[in-house]
Structure formats: structure tokens, C-alpha cells
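Trainee:
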Amino acid sequence: MSRWRGAPRAVADTVVMAFLLLRAGITSLVQHWALASFSLVAAFAVWVVIQDVENPRVRGIAPEPPAAAVPVRPVNVPAGYIVLESPTVRVEVEARQEVLPSLRASDFVATVDVQGLEPGGTVSLPVRVEAKRAGVDVVRVVPDRVDITLIRAASKELPVEVNLTGGLPTGYVLAEPPVVDPPFVTVTGHPDLVANVSKVQLDVNLSGVRDPTYVVEGELVARSDTGAVQQVLLSVPRARATFKIEQRFSQRTLAVMPLLTGAPAPGYLVTNVTVDPPTVQVSGPVEVVQGLSQLSTEAIDLTNASATLTRSVRISPPANVSLGRETVTVQVQVAPIRCGAEGSGCAGATFVVAPAFVDVPPGVMLAPGSYSVTVQVLGPLNQLDDLTPAAFTATVSLAGLSPGTHTLRPSVAAPPGVQVVAVGTVTVSLAPVSGSIP
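With numbering that gives the first Met the number 0 applied, the sequence shown covers 0 to 437.
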């Protein structure tokens, strides 16, 4: 093989030489036509030689086992008769080395001519094989003869049935039986096999089909009572079925709204409601389901509730509708009313509180008078109703202040659960202590 390693380079050089000659123009081409022709012929010859070296033609058996052998098809079979056997052969061929492993039964046509054969007896007949692929030559057939028995065929007519391998989506039904074309076929074959055939079926899968009219075409299959496929001939190998489909039932996913009755205890309100799961799938007649906007639960009584409630309640199903589940879990959060909060229904409370003064500087005294500060708070209504100004502590620090008038804002401490939202100012007058040195 080493002596052929330079072959591709030789081919390239030869082709380049021919191309350069062609570029020289018509005059030059006429002058050197003999040399140009020789270059092209030489290039082709070198290419053929390289092909035979790198991808030689070899002999082998095709199709190579374990691939299926080539089926032998009887020809010139008299009307009303069939061949009992179903012989197969393999073929010795000559082809390019890289082609041989890829050869399959479909690359060949094998026939046996039964013209003039007397029915009833078994006769050995020669097999003729032709290759469909170019460059593949048939050398011999293995075996080159097969036994053939000609028998009278049996036949009968059967209706074509539709065999549904997948049903329509939920809510869809067949408006009428499917129309099959052709409605009948003739089954022909070996008497025993024809006797076993009880039905001829067109397999159809309607999964996911929602079209009002659905047309499908496919291969017909002859089956026995047990569903086993019978190898017989059908007068028509394919059929078409037309289905009329309509939607009788519909499915939707709807929100579940809990039905709350009664009122929480005084001073309490509902702050939040959750449903688990929040939605449920419903199924029913199209006109009923399409008219629904939500689902309701059985009543949940909140009378005098003062804490969060969690209940498992049934969904109230609309008439003629089925539910994906029958119950949901509802949690109703009940909390004290905080007056002044948005939506609370009250405005909070305001108290007038007497402040305490601390951190009085040396040499300074608080001028006599009545001091008070307004305090606005939020909190549970029932707690606010029981509060008095004494529940709050207002403190005013006078640290670092000199004699004179000052406007100050106290700090206020409120009872637990009560929020201080605003504190007013207080105006104080400070005077020097008598006898003190300014």
C-alpha cells in the first residue's frame, strides 16, 4: 500500500495540468488538444486505480447475518391459488468493500416463477435475484432453488372494523359511529389461516383528538378471535375512517371561596382567609361548567370567634358537576381590632397625660403651672376601652436648659399591646432659683 500513498498527489497534479491547459484559451486548447485529452484520461485512470486500492471490490454474502434474509416473491401465480411456502435466500455479491456490510434485504428483489406449475405437488424451482443498488453484482443465490407448493386459496369477505387503541379526551364523545371506506374487504390465503381470521381491523388512536371531524388512514390487519395477526392477503390493504366528534363534557379549574357566617367577638375582626388548595378541577356538561365562576364551601360560623380558626370543610358541588376533590382546608385569621389602623372602623384613642419633669439643672426651677401632653395611640378596641391616662408615663427631660420658656416633646411609655403614634409638645417656663448666681 505504501507505493500508492502518492497517488492522490499525482491525480491532483494531473488535474491541475489539464485545468491550466484549458485556461490558456481556445487557441491554445486547439494547439494542445492531444495533450489535454491525454491528461484527463490519465487523471481518470489514476482515480480508478486508487479506488481499487483504497476501496476494492470484494465478494461476500448479503445481507450479512443476523440481518434478515431476502424474501422470495412468487410470480405468475394462477388466479385462485397461492404458494404455501414463504422461502428466503441470501446472495453472494461483488461490491465495494465499504458497501457490503450495509446491504439489506430491501436492496434485492428475489422471485420464483411458478407459471405452469401443477397444484398440489411440491417442486424445486430456481430463484432469480436482482440488486437494486448500482455497483452491486449478484454472483450466486444461496440456495439457488427453493421448494414451492401451489394450493388453492380460500377466501371470505369480512367487514372492516375500527379498533380504538386510544380513547378521546375527557368530555369528548363520538357523535355517531365512524364511517369506514371500504366497508368490506376480501381475505385470501391458506385455508387454515383464512379460517382463523374473524375480523379485519383498522387501528386508530384518538388520544388528544378534539377536531369536530377527524379523518385517519392506515393499514388493515387481519386478526383471529384472540387478537393474533394472521398472514393473509387482503383485497384492499388500507382503509380510511371518518369520525364525528363533539364535546359533551368540559373541565375547568375554579377558585374556592369559603362561605363565612356570623361575626367575631366584640373587638375582633377577620384579618385574612386562606384556602388549601385554592383551586379545584370541575367536570360536567359544557353549558353548566362554562357558566361557573367559582366554587363555595359549606358555611363556617365565626360567631364570637377571638382566635384563628382552621376547618376542613366540604365544597358545595353545583348540580350535574363532579369535583376533583370534595373538601378543602380553610384558615380564618381572627385578631383584635387595632383602632386607627386602616379598615378598623375606629380612629384610635387620645389621652391627656400629666408629664413628669426630670434632669432639672442646678439653680433653675420649674415655674408653677398646670402641664399636660396629648398622646394618640392604637390598639385593640377592648383594651383601649379600659385604659386611663394613668396607664401612660410621659417624661420630660430638662437637662441643659437655661431659664426661660421652652417647648419640649416628652417621651411616652404605653402598656403592652398599645402603640403610641403621636405625642404632643409641652411648653415650660424655667426660672432661676432665688439667691442663685446667674
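Here a beta-carbon is modelled for each residue, glycine too, at the ideal position from N, C-alpha and C.
Given the structure is predicted, the values throughout are model-derived calculations rather than measurements.
Closer than 6 angstroms by C-beta to Val-235: which residues in its own chain qualify, once you throw out the five before and the five after it? Chain order, please.
Mentor: What you label residue 235 is simply residue 236 of the sequence shown in a count that begins at 1. Around Val-235: Pro-181 and Val-184.
Trainee: Tell whether a beta-carbon distance below 9 angstroms holds between Val-108 and Val-145.
Mentor: Working through the sequence shown from its first residue, we reach residue 108 at position 109. Working through the sequence shown from its first residue, we reach residue 145 at position 146. No.
Trainee: By how many angstroms is the C-alpha of Leu-377 removed from the C-alpha of Val-417?
Mentor: Locating residue 417 in the sequence shown gives position 418, where the first residue counts as 1. Locating residue 377 in the sequence shown gives position 378, where the first residue counts as 1. Distance between the alpha carbons of Val-417 and Leu-377 is about 6 angstroms.
Trainee: Quick check on Leu-28: does DSSP put it in helix, strand or coil?
Mentor: In the sequence shown, residue 28 corresponds to position 29, counting from 1. Reliability fails at Leu-28, whose pLDDT of 46 lies under 50, so the model's placement of it is uncertain and no value is given.
Trainee: Closest to Gln-293 by CA distance: which of Gly-266, Val-374 and Ala-254 is it?
Mentor: If you number the sequence shown from 1, residue 293 lands on position 294. It is Ala-254 whose Cα lies nearest to the Cα of Gln-293.
Trainee: Enumerate in chain order the residues of its own chain whose CB-to-CB distance from Thr-406 is below 7 angstroms, with the five nearest sequence positions on each side excluded.
Mentor: By one-based count along the sequence shown, residue 406 stands at place 407. The answer, listed in chain order, is Thr-424 and Thr-426.
Trainee: Looking at the structure shown, is Gln-330 part of a helix, part of a strand, or coil, going by DSSP?
Mentor: Taking the sequence shown and counting its residues from 1, the one referred to as residue 330 is at position 331. Residue state, collapsed to three classes: strand.
Trainee: Less than 9 angstroms between the beta carbons of Phe-242 and Val-214, yes or no?
Mentor: Numbered from 1 along the sequence shown, position 243 holds the residue referred to as residue 242. Numbered from 1 along the sequence shown, position 215 holds the residue referred to as residue 214. Contact: yes.
Trainee: Buried or exposed: where does Ile-150 fall if 16 or more other Cβ atoms within 10 Å of its Cβ makes it buried?
Mentor: Residue 150 sits at position 151 when you count from the first residue of the sequence shown. Classification for Ile-150: exposed.
Trainee: Could you work out which residue in Leu-173, Asn-195 and Phe-350 is closest to Gly-226 when comparing CA atoms only?
Mentor: Here residue 226 refers to the residue found at position 227 when the sequence shown is read from its first residue. The residue with the shortest Cα to Cα distance from Gly-226 is Asn-195.
Trainee: Reducing DSSP to helix, strand and coil, say where Glu-286 ends up.
Mentor: As a working mapping, residue 286 is identified with position 287 in the sequence shown. In this structure, Glu-286 counts as helix in the three-state DSSP scheme.
Trainee: At the level of alpha carbons, what is the spacing between Thr-110 and Thr-148?
Mentor: Within the sequence shown, numbered from 1, the residue matching residue 110 stands at position 111. Within the sequence shown, numbered from 1, the residue matching residue 148 stands at position 149. Approximately 15 angstroms between the Cα atoms of the pair.
Trainee: Look at the alpha carbon of Phe-350 and the alpha carbon of Glu-325, and state the distance between them as a whole number of angstroms.
Mentor: Position 351 of the sequence shown holds residue 350. Position 326 of the sequence shown holds residue 325. Each residue's Cα considered, the two are about 53 angstroms apart.
Trainee: Under 6 angstroms Cβ to Cβ from Ala-153, same chain only, skipping five residues before and after it: list those, please.
Mentor: On the sequence shown, position 154 is the one that residue 153 refers to. Once the five neighbours on either side are set aside, the close Cβ partners of Ala-153 are Pro-190 and Val-193.
Trainee: Using 8 angstroms for Cβ pairs, my map puts Thr-252 next to Thr-278. What's the rounded Cβ distance?
Mentor: Taking the first residue of the sequence shown as position 1, residue 252 is located at position 253. Taking the first residue of the sequence shown as position 1, residue 278 is located at position 279. About 5 angstroms; that satisfies the 8 angstroms criterion.
Trainee: Is the segment 132–142 touching the segment 91–109, taking contact as three or more C-beta pairs under 8 angstroms?
Mentor: The segment 132–142, when compared against the segment 91–109, does touch it at the 8 angstroms Cβ threshold.
Trainee: Does the count of Cβ pairs from the segment 367–377 and the segment 325–335 closer than 8 angstroms reach three?
Mentor: At 8 angstroms Cβ cutoff, the stretches do not touch.
Trainee: Let me check one thing: in DSSP terms, what residues is Arg-209 bridge-paired to?
Mentor: Position 210 of the sequence shown, counted from the start, is the residue given in the question as residue 209. Its beta-bridge partners do not exist; DSSP assigns none.
Trainee: Using the rule of at least 16 other Cβ atoms within 10 Å of the residue's Cβ for burial, across every protein chain shown, is Gly-261 buried or exposed?
Mentor: Counting from one through the sequence shown, the residue named residue 261 turns up at place 262. Answer is exposed; the Cβ neighbour count stays below 16.
Trainee: Could you tell me which of Thr-187, Ala-68, Glu-160 and Ser-321 sits nearest to Pro-176, measuring between CA atoms?
Mentor: Locating residue 176 in the sequence shown gives position 177, counting from the first residue. Answer by Cα proximity: Glu-160.
Trainee: Take Ile-25 and list the residues in its own chain whose beta-carbon comes closer than 6 angstroms to its own, dropping the five residues that flank it on each side.
Mentor: Sequence index remark: in the sequence shown, residue 25 carries index 26 (1-based). Confidence at Ile-25 is low in this model, with a pLDDT of 45, below 50, so the placement of that residue should be treated as unreliable; the coordinate-derived value is given next. None.
Trainee: Return the Cβ separation of Ala-393 and Ala-355 in integer angstroms, given the expectation that the two are a contact with Cβ distance under 8 angstroms.
Mentor: One-based indexing of the sequence shown puts residue 393 at position 394. One-based indexing of the sequence shown puts residue 355 at position 356. That pair is a contact at about 7 angstroms.
Trainee: Contact defined as beta carbons within less than 8 angstroms: I believe Ile-299 pairs with Arg-310. What is the distance between those atoms, to the nearest angstrom?
Mentor: Working through the sequence shown from its first residue, we reach residue 299 at position 300. Working through the sequence shown from its first residue, we reach residue 310 at position 311. The Cβ separation is near 6 angstroms, so the contact holds.
Trainee: Let me check understanding here. Comparing Cα to Cα, which of Arg-127, Gly-368 and Leu-301 lies closest to Pro-257?
Mentor: For this step, residue 257 is matched to residue 258 along the sequence shown. Answer by Cα proximity: Leu-301.
Trainee: Residues bridged to Val-113 by DSSP?
Mentor: Residue 113 sits at position 114 when you count from the first residue of the sequence shown. Bridge partners of Val-113: none, in fact.
Trainee: Taking all protein chains shown into account, do 16 or more other C-beta atoms lie within 10 angstroms of the C-beta of Val-352, making it buried, or fewer, making it exposed?
Mentor: The residue given as residue 352 occupies position 353 in the sequence shown. It counts as buried.
Trainee: What is the DSSP secondary structure of Ser-428, counted as helix, strand or coil?
Mentor: Residue mapping note: residue 428 aligns to position 429 of the sequence shown, counting from 1. In this structure, Ser-428 counts as strand in the three-state DSSP scheme.
Trainee: Given that a residue counts as buried once 16 or more other Cβ atoms are within 10 Å of its Cβ, and exposed if not, what is Gly-115?
Mentor: Here residue 115 is taken as the residue at index 116 of the sequence shown, counted from 1. Label assigned to Gly-115: exposed.
Trainee: Compute the Euclidean distance between the alpha carbons of Val-122 and Ala-68, then round it to the nearest angstrom.
Mentor: On the sequence shown, residue 122 is found 123 positions in, with the first residue counted as 1. On the sequence shown, residue 68 is found 69 positions in, with the first residue counted as 1. Taking the straight line from one Cα to the other gives about 22 angstroms.
Trainee: So what does DSSP say about Ala-505, is it helix, strand or coil?
Mentor: There is no way to answer for residue 505, as the model of the chain reaches only from 0 to 437.
Trainee: How about Val-141 and Ile-244: are their beta carbons less than 9 angstroms apart?
Mentor: Here residue 141 is taken as the residue at index 142 of the sequence shown, counted from 1. Here residue 244 is taken as the residue at index 245 of the sequence shown, counted from 1. Not closer than 9 angstroms, so no.
Trainee: Take Arg-72 and list the residues in its own chain whose beta-carbon comes closer than 6 angstroms to its own, dropping the five residues that flank it on each side.
Mentor: For the purposes of this step, residue 72 is taken as the residue at position 73 of the sequence shown. So the qualifying residues of the chain are Thr-110.
Trainee: Mind listing, in chain order, the continuous beta strand (DSSP E) runs of no fewer than 3 residues lying wholly within the segment 284–326?
Mentor: Listed in chain order, they are 294–300 and 308–315.
Trainee: Which of the three DSSP states is assigned to Ser-249 in this structure?
Mentor: Counting from 1 along the sequence shown, the entry for residue 249 is found at position 250. Ser-249: strand per DSSP, three-state reduction.
Trainee: Using DSSP with H/G/I as helix, E/B as strand and the rest coil, what is Ala-66?
Mentor: Counting from one through the sequence shown, the residue named residue 66 turns up at place 67. Correct three-state label for Ala-66: coil.
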